[in-house]
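So the sequence shown is residues 1 to 220, counted in UniProt numbering.
For glycine and all other residues, C-beta sits at the position ideal for the given N, C-alpha and C.
Computed from a predicted model, the values in this text were never measured in an experiment.
Before any comments, here is the structure.
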Amino acid sequence: MLPTKENEWRLGDLGKCACLLQISQSNAREVTLRDVQRDLTGFYKCEVSADAPYFHTEIKSGLMIVVELPTEKPVVWVEKLKYSQGERIRANCSAPAAYPAVNLTWYLNGKEVWSAPPATRVSPAQVEPLEPGGLEVARGAVDMEASAATFVDGRARLRCLTTLFTIDRQTAEVELVEDTPQIAPVMGPTAPHSLDVACRTDAQLRAVLGLALLLVLAAR
Numbered sequence: 001m002l003p004t005k006e007n008e009w010r011l012g013d014l015g016k017c018a019c020l021l022q023i024s025q026s027n028a029r030e031v032t033l034r035d036v037q038r039d040l041t042g043f044y045k046c047e048v049s050a051d052a053p054y055f056h057t058e059i060k061s062g063l064m065i066v067v068e069l070p071t072e073k074p075v076v077w078v079e080k081l082k083y084s085q086g087e088r089i090r091a092n093c094s095a096p097a098a099y100p101a102v103n104l105t106w107y108l109n110g111k112e113v114w115s116a117p118p119a120t121r122v123s124p125a126q127v128e129p130l131e132p133g134g135l136e137v138a139r140g141a142v143d144m145e146a147s148a149a150t151f152v153d154g155r156a157r158l159r160c161l162t163t164l165f166t167i168d169r170q171t172a173e174v175e176l177v178e179d180t181p182q183i184a185p186v187m188g189p190t191a192p193h194s195l196d197v198a199c200r201t202d203a204q205l206r207a208v209l210g211l212a213l214l215l216v217l218a219a220r
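And the structure:
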């Protein structure tokens, strides 16, 4: 008869987790813990043992991270909302506190923005720990040149996406407007005011003289 294998979760290795174990929802293949806190982040292992006469044993471990979700949405800041082609668009994204810090990704008109210096520079997110509490905040920046491809129908949507693994996903977005030059109406040359008055006076004089000549001829 071949030896059978049994799974065993080493509760002694779980330490303080033993008191958080949900017995009714745990078995040889799954362990359910309740009310977990960040200090329970670490590697957890499962031991698989064979029966006699071999007593083969294998131990596998995996990392479990207990996260603390952000309670607010990210915020995007830009220098201004109107840009002409050739100007630099500079934007910052500030993410709320979480543990661990969230990841930041920039999108322009629905497409991810990648660094391609010198036209586009995406700065790596800066992570800053907060005390007390041990939470972390993340800040990122993008610097790009406005071009014809930046705008769609004169507008551009710049979005900052924050993610915390697959657990949390938040976005902040601003709409930018293309600042196009206004075309002035084309008008013909205009005579100076004094010249215009003189022309009108001369025309009126000729009309009066013509009328007087007609009256003289009629009188004869």
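The alpha-carbon separation between Gln126 and Tyr99 amounts to approximately 14 Å. Taking the C-beta atoms as reference points, Met144 is found nearer than 8 Å to Ala119. Look at the beta carbons and you see the stretch 87-107 touching the stretch 132-143: at least three pairs across the two are nearer than 8 Å. Nearest C-alpha to Ser61 among Asn27, Ser26, Ala52, Glu47: Glu47.
Pairing Leu130 with Ala95 gives a Cβ-Cβ distance that is not under 8 Å. Residue environment: Arg159 is assigned as buried (16 or more neighbouring CB atoms within 10 Å of its CB, all protein chains considered). DSSP, reduced to helix, strand and coil, places Ala148 within a helical segment of the structure shown. Residue pairing by DSSP places Asn92 opposite Trp77, Ala141 in a beta bridge. With respect to the 8 Å criterion, Leu108 and Ala156 are classified as neighbours on the basis of their beta carbons.
Excluding the 5 residues flanking it on each side, Phe43 has same chain C-beta neighbours closer than 6 Å at Ser61, Leu63, in chain order. Here the alpha carbon of Leu69 sits roughly 18 Å from the alpha carbon of Cys93.
For Pro181, the closest C-alpha among the options Glu30, Thr150, Lys82, Lys45 is that of Lys82.
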